[in-house]
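Visitor: Next up is a structure, given as structure tokens.
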Amino acid sequence: MRMQYFRGNVFVANLPPDFAEERLAETFDPYGIVLSATIARDPETGVRLRHGFVDIATERAANKAIEALNGRDLDGYKLTVRVSDRPTASKKPAGAMARHAPSRAATPMRAMAPLRGTAPRADRDSDAGEAVYSVPRKQPTFQVERRPLPRRF
Numbered sequence: 299m300r301m302q303y304f305r306g307n308v309f310v311a312n313l314p315p316d317f318a319e320e321r322l323a324e325t326f327d328p329y330g331i332v333l334s335a336t337i338a339r340d341p342e343t344g345v346r347l348r349h350g351f352v353d354i355a356t357e358r359a360a361n362k363a364i365e366a367l368n369g370r371d372l373d374g375y376k377l378t379v380r381v382s383d384r385p386t387a388s389k390k391p392a393g394a395m396a397r398h399a400p401s402r403a404a405t406p407m408r409a410m411a412p413l414r415g416t417a418p419r420a421d422r423d424s425d426a427g428e429a430v431y432s433v434p435r436k437q438p439t440f441q442v443e444r445r446p447l448p449r450r451f
């Protein structure tokens with residue numbers, strides 16, 4: 299059976315208001331390999347909240363970081379560090395939703411007609427006068443930036 303919680307996931311509360319994710323990763327770096335460090339944001343305003351999550355490679359390293367950093371003063375703020383309750387995998391079994399969904403036989407599928415419309419002359423079918431064209435693929439509305447975490451050697 300798969301684990302429901304990643305053992306190296308650490309919750310950090312009472313962060314300074316101007317604290318950056320890079321600095322959060324640097325704070326936990328001496329205790330083990332930091333896989334990711336994120337500071338929570340308000341979904342409506344985008345303002346950083348004063349708590350975050352750090353994923354450390356091993357449970358042992360996470361426990362060392364919790365022991366060392368819980369209650370530590372950082373820029374005038376006393377940190378609260380504990381094991382996170384945030385699951386990395388779904389708590390429901392894989393087939394749970396399929397059992398409650400209506401069967402496919404109960405909802406027949408309708409055939410989809412090709413999209414028709416006016417297109418430039420070069421794409422038109424000479425007989426029909428209308429062109430069949432595909433809808434361009436939508437681009438994501440967000441941008442994901444992957445960058446390595448800073449390391450001190």
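Numbering of the sequence shown is given in the numbering used here, commencing with residue 299 and proceeding in unit increments.
A virtual CB, placed ideally from N, CA and C, is assigned to each residue, including glycine.
DSSP puts Tyr375 in a beta bridge; with which residues?
Guide: Leu372
Visitor: If I measure Cβ to Cβ from Arg449 and keep anything under 8 Å in the same chain, skipping five residues before and after, which residues do I get?
Guide: The residues are Asp327.
Visitor: With respect to the beta strand (DSSP E) encompassing Leu347, which residues constitute its N-terminal and C-terminal limits?
Guide: Arg346 to Ile354
Visitor: Per DSSP, which one or two residues make a beta bridge with Ser382?
Guide: Per DSSP, none; premise fails for Ser382.
Visitor: So, is Leu347 buried or exposed, given that buried needs 16 or more other C-beta atoms within 10 angstroms?
Guide: With fewer than 16 Cβ atoms within 10 Å of its Cβ, Leu347 is classed as exposed.
Visitor: Where Val308 and Gly350 are concerned, what is the direct C-alpha to C-alpha distance, given to the nearest angstrom?
Guide: 8 Å
Visitor: Starting from Phe462, follow the beta strand (DSSP E) in both directions and report where the run begins and ends.
Guide: One cannot answer for residue 462 here, as it falls past the ends of the chain, which runs 299 to 451.
Visitor: Helix, strand or coil for Ile337 per DSSP?
Guide: strand
Visitor: Between Arg445, Pro446 and Pro315, which has its C-alpha nearest Leu372's C-alpha?
Guide: Pro315
Visitor: For Ala387, does the three-state DSSP call read helix, strand or coil?
Guide: Confidence at Ala387 is low in this model, with a pLDDT of 47, below 50, so its placement is unreliable and no value can be given for it.
Visitor: Residues in the same chain with beta-carbon distance under 8 Å from Asp353, minus the five sequence neighbours each way, listed in chain order, please.
Guide: Phe304, Gly306, Asn307, Val308, Val332, Leu333, Ser334 and Ala335
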